[in-house]
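Before any comments, here is the structure.
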Amino acid sequence: MLAASCCDRRMCVCPGPRRIGYSFRSVKCLTGSWAIPVRSSRLPLLSDAMPAPAHLFPLIRNCEIGRICSTVCYCHRKHLCCFSSHFAHGHFRCAPQRKFAALCRPKENFNQFIHARDYASTPQRFYLTPPQVNSILKANEYSFKVPEFDGKNISSVLGFDSNQLPANAPIEDRRSAATCLQTRGMLLGVFDGHAGCACAQAVSERLFYYIAVSLLPHETLLEIENAVESGRALLPILQWHKHPNDYFSKEASKLYFNSLRTYWQELIDLNSGETTDVKEALINAFKRLDNDISLEAQVGDSNSFLNYLVLRVAFSGATACVAHVDGVDLHVANTGDSRAMLGVQEEDGSWSAINLSYDHNAQNEHEVERVKMEHPKSEEKSLVKQDRLLGLLMPFRAFGDVKFKWSIELQKRVVESGPDQLNDNEYTKFIPPNYHTPPYLTAEPEVIHHKLRPQDKFLVLATDGLWETMHRQDVARIVGEYLTGVHHQQPIAVGGYKVTLGQMHGLLTERRARISSVFEDQNAATHLIRHAVGNNEFGTVDHERLSKMLSLPEELARMYRDDITIIVVQFNSHVVGACQNEEL
Amino acid sequence: MFLRLLSDVRWRAANPRWRRMTCSRRSTSSTAEPHPISLPAQAQVVICGGGIVGTSVAYHLSKLGWKDIVLLEQGRLAAGTTRFCAGIVSTARPVSIELKMADYSNKLYQQLEQETGIKTGYMKTGSISLAQTQDRLISLKRIASSLNVMGIPCEIITPKQAAQLHPLINIHDLVGAMYVPGDALVSSADVSLALATAASRNGVQIHERTSVSHVLVQKGRVTGVETDRGQISCQYFVNCAGQWAYELGLSGEEQVSIPVHACEHFYLLTYPLKEPLASSIPTIVDPDGRIYIRSWQGGILSGGFEKNPKPLFTEGRNQLEIQNLQEDWDHFEPLLSALLRRMPGLEALQIMQLVNCPETFTPDMRCIMGESPTVQGYFVLAGMNSAGISYGGGAGKYLAEWMVNGYPSENVWPLDLKRFGTLQSSRTFLRHRVMEVMPLICDLKVPRWDFQTGRQLRTSPLYDRLDAQGARWMEKHGFERVKYFVPPGKDLLDLDQSKTFYKPDWFDIVGSEVKCCKEAVCVIDMSSFTKFEISSTGDQALESLQYLFSNDLDVPVGHVVHTGMLNEKGGYENDCSIARLNKRSFFMISPTDQQVHCWAWLKNRLPSNSSLAMEDVTWKYTALNLIGPRAVDVLSELSYAPITPEHFPSLFCKEMSVGYANGIRVMSITHTGEPGFMLYIPIEYALHVYNEVMNMGQKYGIRNAGYYALRSLRIEKFFAFWGQDLDAFTTPMECGREFQVKLEKGMEFIGQEALLEQKQNGVYKRFTMFILEDHDTDMDLWPWWGEPIFRNGRYVGKTTSSAYSYTLERHVCLGFVQHFDEKTGEELVVTTDFINQGEYEIDIAGQRFQAKAKLYPFSSLFTHRRRKDEMELSGYQRE
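Protein sequences, first through last, are from chains Z and A.
Using our numbering, read the first sequence as starting at 1 and increasing by one per residue.
Using our numbering, read the second sequence as starting at 585 and increasing by one per residue.
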């Protein structure tokens, strides 16, 4: 798993000669045709990825490749195999000298590659059919509706839709949603892992418990502690809303629980007597969890599996963007470059977006400033290079990533005493350059508090996979129109206007295209992903493009898009309005 | 704008006299209405509905001499669907009776202006129906064949010829077209007003702004109507309320079920073209694009029948007028696309309006006419399926004849209200079904089409068992019946792809079922049959039935008699089998769709005293038909009773035990001419008996079979069936069934006189069997029904049914041959010699196939397989 980490665009930390990070935006597909990674550095990745499929080549060569291609192209996995082996055949196996040329002229190479594939398969191009596209898009979708009591939903949240579309294999994004049972409110979060998914997985499992515990009043904490002490049944703290694919690791639950217990015991001891401030609770929870991750890795575990797990968690990283909604109080705690955005419906019915988080990356001046402030002036130049922290890491805040937090000595000690898998791994042994005054990274979130208004209709939490492809304004419009149902478009009436048949036809065709894309999805997040991946230059979903993007094999998919994880929370305007009135 | 469209302003000026009589102001001014004249206290006939249908009925009734008629309209005359409809009179209709109605309407409207002096906007433009596919062209050719033999000019033309007739159409995607030069355009509201004027001149009173709240009924007869302006007592009531006919039918204490439901229908009006379109330009019908296009005031009027109709008023929301329905452009988009594809030159044409005009549809796409089965004197004419103008004239005429003479001059069974029962009157059913029916107007009409909605309503207790064994289902009168069984591992085409005019994909499946019926034994679930029990305390049952049926029913107990239930003219009202269960009770089996009609017929004619009881026991019995030479073995093993022909001769009925179940009525008939038995099983035993039969039958090679096999067997034996071959205009003499008529049974019976006369004078048509000679089953179009028959090159009649005979390995068509005088066209007596001495051809979609005519079945071919004394000529199934 760690071997794949060199593919991670977020952290270009490969041993040997430094690889240059590249900007993901430049790799995007332009106007429907295949563009090419501008930096050639990605191509060796492909060749790295080759060996496994390439050995299959002799098997496949004996078959009629065209037939295979045309038959398997509808099956993602098989397709991948045939696709790759052919690639190997065309450029690496039979013509090694061209490999070099290819590296020099990547664009041409890529086109040839595409062409070769076309040639080998039947001349007709193949696409995933709309049902196939839908089954891919909908595989991870999840919807939750807040249950109603007495026909009334008294929560300010109507429910949420969430979904994720992998680009990495396995996906490195995680998502969580839960209702706090001992306090009011609902927690929702997206987590974008890098250098593997271990950290994101751990954070997605643990963070909400830390937050919930931070929010609990002293009495409840005592009650829980007493219950644990006397072996009684524990009060449930969280009600999770999970997709079947969202899993919790069973092996580590004991370890995690003990860390959590230590936390609340400390909270009990610290009893300040004051009511808990949500903002503070969020910050404390984030910091505490990161601290626990770090400590667990330092202490290790007698169980070798767990020992390896806690190390993987600590050496990988994850950003987190978490929303806590309680009545009209919306808190968003963000660490890293995922983003929360509020969808607001203006009086004229149009949609606008309000940012509820700041990205922690090189584009954020304050963030760059902060990092520079925390380190000696001598390091100013090496701190941020190529828009990356120490020239390596894109997010400026993250969970895990002890490589940017621990001292060199500590890192060396842990790696050496750690299991062989860790010790053999080049990545873990690699120390970031110009590493003088750790820690360089923190998990402390920025928390933004927003009082919900009736016009605030929904909240979108999404990892940067979405924000790279779509502007928040478009996101607001697309989700807003979806939720209010564009299919209830204002009916057209000719009235006294001069309209020709042709004009009317054009208008109607356009309206129908919009409706049909809405009708396909029952889930706002799915709808958004469909747009994010399939939008053409006109802002409407282009099926051909969508189909192409989704039929990319895993190692190529990563070049054209990132993992996308989206949660769309829909607010209950009636309740929000009522709460607001009460407060007035 | 509509006032201009309808030009009723102009009409009013021209007819002050009528206006005075109806005494209702038609202007839209806000001045107070003058007080309307009061309603008469009584009338012979009250017609409810002043649209094209109501006025046509009034017109024709008054023509036939009935004068004491009141027509009531809740709003204004011709203000409902009639006012909004597109005004196309089109005769290209696939069903023969509809074709005749449309043809009559066309002729009526043509002379109406001359007759009444009222402008009707009649313009003979002709119509061009376009075919984008070969299948469509075939269906057009079939219609063209039947139009031509009716004497209606019609030709199949090439796309280029179509382009010459209409300069605007794009022909690149066409394979052909049908041109009917006689089709016309009218202003529908004006036609309706002209009919009303003519009727009022004949004495019909017309009252607008008078709505009928309900119909008064006493002792099963109409006695009057209650309106918002008082009561009118009357003998006859005619419900022509269009989309409100259903509501009105349910409003009285005695409910009359009229299954109609409205859907929104859209058409587009444009401003004139730069070069205004000539008003005489032919109307374009593009069924594959689902649209029609006619010229309208220099611009066009174009509407269509979309795939996703919008039913409305399901919950019965009544509105006086329907102008306030909304335009729905998004809904119209596919039709607009089709229009621009057909006439790309119209892109720059300016839109005037999208009209939303509800149309009324029926569950089977045919209109509804006739007398209520439950209330005498309650007549209905409604559910025009958006062809009200085309049918209005002819339908009004037939209904008027029906009321005045007791029967119309044509066979209108396909339109008879009694083809439906209360089972079709659920709002949910209607809503779902009309959503299927409306698109069907433009869909390709292929043989053996089954509705997909409103299914699984009535089922046999064996339904699940049969379904699990691969049964494919069709529906008759709401009852699911098996077509055939798809063997395991075999797949048939999807429903949409299976549409064909050629050899169907089930050909071999049915072939093997037929083979099994001939050589071993098959089971067919025939539970859908209508079953009545008639019994009395004394001899009343026998006496009454002897009068109602033509065959002699005074047979020993345990005998089964095939007999016709004839009308006064000797025509078949029903064709049934009657078993004498004991001296005083009879078990009567009729075709499935006779449930309502036969019941009403008997109810109205049986003496209404308490000593005679009639019960509908259809639901009490499951019927299994064991067909085949080994049926006797299966049954005897299951019953331990002797079933040999000596003990159980043909046409016999016995109650016996089958398996553990007692009281099974076993009849030695199969409705196919093959040896075998019908088992009438009380439903709680159905599964048991079926399982026993299947288990025991295993060693005799038993298998399930469906109605398609039955049909093939029946038609190759020259068995006619009611509703398809036989109708109220066919007598036993005309179809070779004299032996089922006992003229000398010593008792008078209905139709006796007519039959006696026919026996003396001869018949004017003769039911004949045709074997197609040079027809290639694999390659040629299959016959269906309604194909013209040519004798020595001259048209002599039409086929009524057809099937492939797996025994003869030929197609068999059944049909009637008439003899028209070569010069005068007068109908002459058809003799056996006339039939036998002729060279015959059957015209299938314009292609003629040689056929051999036969008046009697191939006895030699089948005798060695048939049992002695087998003389069974009956069958009940229709396609």
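All residues carry an ideal CB built from backbone N, CA and C; glycine is no exception.
Own chain partners of residue i with C-beta closer than 8 Å, once the 5 adjacent residues on each side are dropped
i	result
A:V806	V799, L800, C818, Q819, Y820, F821, V959, Q960, G961, Y962
A:L1339	S1134, L1150, G1154, T1315, P1316, M1317, V1325, L1327
Anticipated Cβ contact below 8 Å, residue i with residue j, distance rounded
i	j	result
Z:P432	Z:G336	Not a contact, Cβ separation roughly 18 Å.
Z:A443	Z:A398	6 Å
Z:I237	Z:L289	Z:I237 to Z:L289, Cβ: 15 Å. No contact.
A:I790	A:G634	7 Å
Z:K405	Z:F571	Z:K405 to Z:F571, Cβ: 37 Å. No contact.
Z:P217	Z:C197	Not a contact, Cβ separation roughly 35 Å.
A:L1439	A:G1320	6 Å
A:T1352	A:I1265	That belief does not hold up - the Cβ atoms of A:T1352 and A:I1265 are roughly 38 Å apart, past 8 Å.
Cβ pair residue i, residue j closer than 8 Å
i	j	result
A:F1085	A:W880	no
A:G1095	A:Y1390	yes
Z:H360	Z:E367	yes
Z:N134	Z:Q164	no
A:V1145	A:I1253	no
A:R950	A:L999	yes
A:H1359	A:R1298	no
Z:L295	Z:L221	no
A:I681	A:I842	no
A:R772	A:G671	The identity of residue 772 of chain A in the sequence shown is Ser, whereas the question assumes Arg. The answer is yes: Cβ separation under 8 Å.
A:G1346	A:R1375	no
A:V629	A:L645	yes
Z:S156	Z:V325	yes
Closest residue to residue i among the options (Cα-Cα distance)
i	options	result
Z:G534	Z:T526, Z:M549, Z:E520, Z:N523	Z:M549
Z:Y560	Z:L459, Z:E468, Z:V371, Z:L215	Z:E468
A:A728	A:N940, A:C738, A:S640	A:C738
A:L752	A:L857, A:P1175, A:S835, A:A670	A:L857
Z:R453	Z:V328, Z:L309, Z:A139	Z:V328
A:T1037	A:D1405, A:D1200, A:D948	A:D948
A:I740	A:K1187, A:S723, A:A1435, A:A1184	A:S723
A:L852	Z:V569, Z:E510, Z:V494	Z:V494
A:Y975	A:L692, A:Q1308, A:R1298	A:L692
Z:A177	Z:A320, Z:V414, Z:K287, Z:N291	Z:A320
Z:L585	Z:D173, Z:L188, Z:V146	Outside the shown range of chain Z, which is 1 to 584, sits residue 585 of chain Z, and nothing can be said about it.
A:V679	A:S1120, A:P1031, A:L938, A:W1183	A:P1031
Contacts around residue i, its chain only, beta-carbon distance under 7 Å, and the 5 residues preceding and following it disregarded
i	result
A:G873	A922, R925, R926
A:R1189	L1132
A:H750	I712, I865, P866, I868
Z:I529	L137, N163, L165, I564, I566
A:F889	R874, M1022, P1023, I1025, C1026
A:K1167	V1141
Close beta carbons around residue i, own chain, < 6 Å, minus the five adjacent residues each side
i	result
Z:V332	A323, A340, L356, S357, I448
A:G978	M685, Y688, S689
A:F1418	H1403
Original post:
Three or more C-beta pairs closer than 8 Å, one from the region 373-386 of chain Z and one from the region 414-431 of chain Z: is that the case here?
Top reply: no
**OP:** Report yes or no: do the region 970-985 of chain A and the region 908-919 of chain A share at least 3 C-beta pairs separated by less than 8 Å?
**Re:** no
Original post:
Can we say the region 670-689 of chain A touches the region 759-778 of chain A, given the rule of at least three CB pairs closer than 8 Å?
Top reply: yes
Subject >> At least three beta-carbon pairs within less than 8 Å, the region 1191-1198 of chain A to the region 1095-1115 of chain A >> reply: The region 1191-1198 of chain A makes no contact with the region 1095-1115 of chain A: fewer than 3 CB pairs, one atom from each, lie closer than 8 Å.
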